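To start, the structure itself, in structure tokens.
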Amino acid sequence: MRAGFLGILIVFLATVGYVAWHLWRLTPGGWAAKWGIALLFLLWMAAAFASMGLGSKASIPTITALYEIGHPWMIAYLYLLIAFVLADMGVLLRMIPKTWLTGNGYTMAVLLGIIASTLLAGGIHYRHKYREELTIHSQKPLQRPLTVVLASDLHLGYSNRKAELSRWIDLINAERPDLVLFAGDIVDISLRPLLEGDYASEFTRIRAPLYAVLGNHEYIGREADAEQFFASAGITLLRDSTACVEGISIIGRDDRSNPGRKPLSALSVPSENFTILLDHQPYHLEEAEEAGIDFQFSGHTHRGQVWPLSWVTDALYEKSWGHHRRGSTQYYVSSGLGIWGPKIRIGTRSEYLVLHIR
Numbered sequence: 541m542r543a544g545f546l547g548i549l550i551v552f553l554a555t556v557g558y559v560a561w562h563l564w565r566l567t568p569g570g571w572a573a574k575w576g577i578a579l580l581f582l583l584w585m586a587a588a589f590a591s592m593g594l595g596s597k598a599s600i601p602t603i604t605a606l607y608e609i610g611h612p613w614m615i616a617y618l619y620l621l622i623a624f625v626l627a628d629m630g631v632l633l634r635m636i637p638k639t640w641l642t643g644n645g646y647t648m649a650v651l652l653g654i655i656a657s658t659l660l661a662g663g664i665h666y667r668h669k670y671r672e673e674l675t676i677h678s679q680k681p682l683q684r685p686l687t688v689v690l691a692s693d694l695h696l697g698y699s700n701r702k703a704e705l706s707r708w709i710d711l712i713n714a715e716r717p718d719l720v721l722f723a724g725d726i727v728d729i730s731l732r733p734l735l736e737g738d739y740a741s742e743f744t745r746i747r748a749p750l751y752a753v754l755g756n757h758e759y760i761g762r763e764a765d766a767e768q769f770f771a772s773a774g775i776t777l778l779r780d781s782t783a784c785v786e787g788i789s790i791i792g793r794d795d796r797s798n799p800g801r802k803p804l805s806a807l808s809v810p811s812e813n814f815t816i817l818l819d820h821q822p823y824h825l826e827e828a829e830e831a832g833i834d835f836q837f838s839g840h841t842h843r844g845q846v847w848p849l850s851w852v853t854d855a856l857y858e859k860s861w862g863h864h865r866r867g868s869t870q871y872y873v874s875s876g877l878g879i880w881g882p883k884i885r886i887g888t889r890s891e892y893l894v895l896h897i898r
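Read left to right, the sequence shown gives residues 541 to 898 (the numbering used here).
This is the structure in structure tokens:
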């Protein structure tokens, strides 16, 4: 495990050095200008990692500012890496001249302009929350038609703050739901900003029963602390357990971060009720089909958050985003209402699901 992490760290640092060297090489002018650009790139990276490493050692406004300033670096670094790799291949294949990559202000202005515009557009796109709507006609008896709002991956904390949560709660209340379900990663690791900012009071504004399961980020933090926060927010946490509401059964699996979580086959699945399964990470979708689940809702993938990482998640999961069907079981894998890290979406979207059960 440690050797694998060390290997990833070495590769990461090598690619950061590769990008910084290319920026140094591309910058026109003398050594002062070249070193200045390369150091600004590295300091930008330092802000991103400092925001995640300070914990309780700095004030919430300081950590929040570092989040806002530093986290877009991750996407800028990704696109700079792709651009320089493609450019080096172009030089190697004699498709572009070397002079384009050496002390060239025009190339630098175009490259940085495109990346800055992409980040700005991605930030604007993230602000828009997509309303996905799905209707399921159940063959099982219902007490009455139901409207359920489902969301995942809020990642509340230093990045997605209370004002944004308040806007999301307004969107949920506007649907007049009979039930609201969260499929994990409500907390973005640290509970400190949620507790000091009284985020729990926003959840109590939702005028419907609330149920949730844990995600991997609640485990990266402390799931016991997250459990206490959910209780104060009026959210019923399902950990390998079942609840019956309005004649439907909600089955909540503990996150697979817990090596001791029960298999789905060991949980009680009432066959006479319409069943909704909440499972944060959408692995082994065949289990829900085999258990006779009517509908499974998952998140976790973010669908890569930015292109081309969406290609990676599409390859890793049977379904990394959207509506899916296996036999008589239907699924929805959400790309998330919130986001981890930089508040930027490129080629993906932030969304919530409005499910009508008829």
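Beta carbons: idealized from backbone N, C-alpha and C, even for Gly. Just so we're clear, the structure is a prediction, and the values are computed from it rather than from any experiment.
Check your understanding: At a cut of 8 Å, does the segment 740-758 reach the segment 711-731 through at least three beta carbon pairs?
Key -> yes
**Study point:** Burial state of W708 (16 or more Cβ within 10 Å)
**Key:** Here the question's residue 708 lines up with position 168 in the sequence shown. Burial call: buried.
Review point. For L579, is the classification buried or exposed, using 16 other Cβ atoms within 10 angstroms of its Cβ as the cut-off for buried?
Key: Mapped onto the sequence shown, residue 579 falls at position 39. Exposed: under 16 other Cβ atoms inside 10 Å.
Exercise for review: In angstroms with no decimal places, state the Cα-to-Cα distance between V556 and Q836.
Suggested key: Start at 1 with the first residue of the sequence shown, and residue 556 comes out as number 16. Start at 1 with the first residue of the sequence shown, and residue 836 comes out as number 296. Roughly 40 Å separates the two Cα atoms.
Practice item. Classify I729 as helix, strand or coil using the three-state DSSP reduction. Key: Residue numbering aside, residue 729 sits at position 189 when the sequence shown is read from its first letter. If DSSP states are grouped into helix, strand and coil, I729 belongs with coil.
Exercise for review: Measure the alpha-carbon distance for I760 versus S591 and round it to whole angstroms.
Suggested key: Taking the sequence shown and counting its residues from 1, one reaches residue 760 at position 220. Taking the sequence shown and counting its residues from 1, one reaches residue 591 at position 51. If I take the Cα positions, the gap works out to 16 Å.
Practice item. Decide if the segment 859-878 is in contact with the segment 818-833; the criterion is three or more beta carbon pairs, one per stretch, under 8 Å apart. Key: yes
Review point. Can you tell me whether DSSP reads Y872 as helix, strand or coil?
Key: Numbered from 1 along the sequence shown, position 332 holds the residue referred to as residue 872. Three-state result, Y872: strand.
Practice item. Would you mind working out which of T853, P810, S789, E826 sits nearest I897, comparing C-alpha positions? Key: For this step, residue 897 is matched to residue 357 along the sequence shown. Out of T853, P810, S789, E826, S789 has the C-alpha closest to the C-alpha of I897.
Review point. In the structure shown, what three-state DSSP assignment does V809 receive?
Key: On the sequence shown, position 269 is the one that residue 809 refers to. DSSP places V809 in coil when its eight states are reduced to three.
Exercise for review: Consult DSSP for I884 and reduce its assignment to one of helix, strand or coil.
Suggested key: Indexing the sequence shown from 1 puts residue 884 at position 344. Reduced to three states, the DSSP call for I884 is coil.
Point to revise | Extent of the continuous beta strand (DSSP E) run through I816 | key: Indexing the sequence shown from 1 puts residue 816 at position 276. Per DSSP, I816 belongs to the beta strand (DSSP E) from 814-818.
Exercise for review: Quickly, what does DSSP pair G862 with across the bridge? List them, please.
Suggested key: Numbered from 1 along the sequence shown, position 322 holds the residue referred to as residue 862. Beta-bridge pairing links G862 to V873.
Review point. Between R796 and the rest of its own chain, which residues show a CB-CB distance below 6 Å, the 5 nearest in sequence each way excluded?
Key: Your numbering for residue 796 matches position 256 in the sequence shown. Hits under 6 Å: Q821.
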